[in-house]
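A.B. asks: Residue 8 in this note's numbering sits at position 8 of the sequence shown, with consecutive numbering throughout.
What follows is a structure written as structure tokens; I'll ask about it next.
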Amino acid sequence: MNLSGKTEVYGIVGYPVKHSLSPVFQNALFEHFSLDAVYVPFEVKPDSFKEAFLGLKALGVKGVNITVPFKERAFELCDLSDEPSKVIRAVNTVKFTDRIEGYNTDWIGFLRALRELEKELEGKKVLVLGAGGTAKAVVYALSQEECYTYIFNRTYERAIELARNFSAQVVKKPEDVLDDVDIIINTTSVGLSDDDPPLFDYQMLKNHHIVFDVIYRSTPLVKTALKKGAKAQNGLSMLIYQGMESFRIWTGLEAPVSVAKDSLSDYVLS
Ligand code: ATR
């Protein structure tokens, strides 16, 4: 990597951010196109977010991804935002021009990754586990595809609020609709550790199910689904596709998915 006075700076803002794989594949994409640009992590303490975010523009940074826990606060600070981010009320991609432009690419990243498992989504019955920030982007994406969405969340009231905004239906426990749904999506942090108590009895999964977990490791949910003969995938593709869409917004270039995927091949996902 040759840095110069003309090198453009991009990055990811979050807390924590040390675990992020975005710098790995975004720099691989810059290199692929021989762009004089670099992508760096910015770990920002929550108290300093506004100062840091506005400072990025002042410093001439060209664009950033925004991750947990700042997506909603970043949305509020943007001068312009795209239609999906207005509905989701969160941005994961920011482009600094003379103004601050906000975009949400999580939903499109999720859809592209889900389509790797199932091309025909219209009319499918989907159970979404969780009602946090990621669930909002997922439920928005499903509403664009005219899926029939059920939401289960540990905190019932949060599920009600999310369902209301997207004409989805809340369920009191996953088992209530498990036999009836085609697709099951985990958007919660359950599964980050193998010791997490499961969200339901995963032995109830059947081979007709399609299982998608936004966590980018092989969670007990994904492992059990595969053992049962179901189609299942972790969140690595979603991470890559949302990032490729951010890259397109910043550079106008369509990145090849193979370049991003190859750059992550050394990162063992167990
Ligand atoms: P994110 O932006 O990653 O979605 P979030 O907005 O904090 O993060 O949402 C986290 C989601 O994981 C929520 O649905 C949360 O449930 P609550 O609304 O009840 O907090 C869910 N979650 C986190 N830990 C959980 C656990 N141990 N069991 C069940 N759900 C959990």
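Beta carbons are placed, not taken as given, at the ideal position from N, Cα and C, and that holds for glycine.
Buried or exposed: where does ARG164 fall if 16 or more other Cβ atoms within 10 Å of its Cβ makes it buried?
C.D. replies: ARG164 is exposed by the Cβ-count criterion.
A.B. asks: At a cut-off of 7 Å, is LEU199 close to the ligand ATR when judged by its beta-carbon and the heavy atoms of the ligand?
C.D. replies: Yes, the beta carbon of LEU199 sits closer than 7 Å to at least one heavy atom of the ligand ATR.
A.B. asks: Looking at ALA74 and the ligand ATR, is the gap between the Cβ and the nearest heavy atom below 7 Å?
C.D. replies: False, no ligand heavy atom lies under 7 Å from that Cβ.
A.B. asks: According to the neighbour-count rule (16 or more other Cβ atoms, all chains shown, within 10 Å of its Cβ), is LYS71 buried or exposed?
C.D. replies: Burial call: buried.
A.B. asks: Figure out for me which residue from VAL170, ILE240, LEU111 has the closest Cα to the Cα of SER265.
C.D. replies: Out of VAL170, ILE240, LEU111, ILE240 has the C-alpha closest to the C-alpha of SER265.
A.B. asks: Based on the DSSP secondary-structure assignment, which residues constitute the bridge partners of GLN203?
C.D. replies: Looking at the DSSP assignment, GLN203 forms no beta bridge with any residue, so it has no partner.
A.B. asks: If you follow the alpha helix (DSSP H) that PRO84 is part of, which residue opens it and which one closes it?
C.D. replies: Taken as a continuous stretch (DSSP letters only), the alpha helix (DSSP H) holding PRO84 covers 83–88.
A.B. asks: Let me check understanding here. Comparing Cα to Cα, which of PRO256, ASP195, GLY133 lies closest to THR67?
C.D. replies: The shortest C-alpha separation from THR67 is found at GLY133.
A.B. asks: Cβ of GLY243 less than 8 Å from any chain C Cβ?
C.D. replies: Chain labels in this structure do not include chain C; a single protein chain is all it has.
A.B. asks: Straight-line CA distance for SER34 to MET1?
C.D. replies: Near 10 Å, if we compare the C-alpha coordinates of MET1 and SER34.
A.B. asks: Along the chain, where does the alpha helix (DSSP H) that runs through VAL259 open and close?
C.D. replies: Per DSSP, VAL259 belongs to the alpha helix (DSSP H) from 257–263.
A.B. asks: Mind reading off the beta-carbon distance from SER189 to PHE166? Whole number of angstroms is fine, and I expect it under 8 Å.
C.D. replies: That belief does not hold up - the Cβ atoms of SER189 and PHE166 are roughly 21 Å apart, past 8 Å.
A.B. asks: Is there at least one non-hydrogen atom of the ligand ATR closer than 7 Å to the beta-carbon of GLY132?
C.D. replies: Yes - the ligand ATR has a heavy atom lying nearer than 7 Å to the Cβ of GLY132.
A.B. asks: Could you name each continuous beta strand (DSSP E) segment of 3 residues or more that falls completely within the segment 64–124, going from the start of the chain to the end?
C.D. replies: The segment 64–124 contains these whole beta strand (DSSP E) runs: 93–96, 100–103.
A.B. asks: Which residue or residues does DSSP assign as beta-bridge partners of SER186?
C.D. replies: The residue asked about is misnamed: residue 186 is Asn in this sequence, not Ser. DSSP output for ASN186 lists LEU129, ASP213 as bridge partner(s).
A.B. asks: Below 7 Å CB to CB, which residues in the same chain sit around VAL44 once its five sequence neighbours on both sides are set aside?
C.D. replies: Cβ within range, chain order: VAL13, TYR15, ALA52.
A.B. asks: Answer yes or no: the CB of SER4 versus the heavy atoms of the ligand NAP, is any distance below 7 Å?
C.D. replies: Annotation note on the ligand NAP: not contained in the displayed structure, which lists the ligand ATR as its ligands.
A.B. asks: Using the C-alpha atoms, what's the distance from PHE25 back to LYS261?
C.D. replies: C-alpha separation (whole angstroms): 8 Å.
A.B. asks: Taking 6 Å as the limit between beta carbons, can you name the residues of its chain near ARG158, skipping five residues before and five after?
C.D. replies: Taken in chain order, the residues that qualify are ALA131.
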